[in-house]
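Notes follow the structure.
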Amino acid sequence: MGIGQRKLLGRRIRSLREERGLTQAQVAAMIGNGSKQYISAMERGDKNVTIDVLCRIATAFGVDVRDLIEF
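Residue numbering for the sequence shown follows my numbering, starting at 53 and increasing by one per position.
Now the structure itself:
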């Protein structure tokens, strides 16, 4: 995944998080990561995201993984 796609994915994750009124720390706890900094780096597109993490985020947000990656 290139930097442009990572940034788009990060924006999508941030948008879904904010729609749900969740903080980065809350999402980190929900996906079992525990790091607000990790979520922040993901949302900025600075972090490569594994399919495992995408699945956990999708579950936490109540969406399909497809909803995260279709942008």
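Idealized CB from N, CA, C, for every residue including glycine.
For residue i, the three-state DSSP class (helix, strand or coil)
i: T75; result: coil
i: K59; result: helix
i: V115; result: coil
i: K88; result: helix
Contacting residues, own chain, Cβ-Cβ under 7 Å from residue i (five flanking each side not counted)
i: M94; result: G62, I65 and V101
Proximity to residue i [Cα-Cα], best of the options
i: E70; options: F113, K99, I55 and N85; result: F113
i: R108; options: L120, G97, G56 and L60; result: L120
i: L74; options: S92, G97, I103 and V105; result: S92
i: G84; options: L106, R96 and F123; result: L106
Same chain, Cβ closer than 8 Å to residue i, five either side skipped, listed in chain order
i: D116; result: A110
i: A80; result: G86, S87, K88, Y90 and I91
i: E122; result: none
i: I103; result: V117
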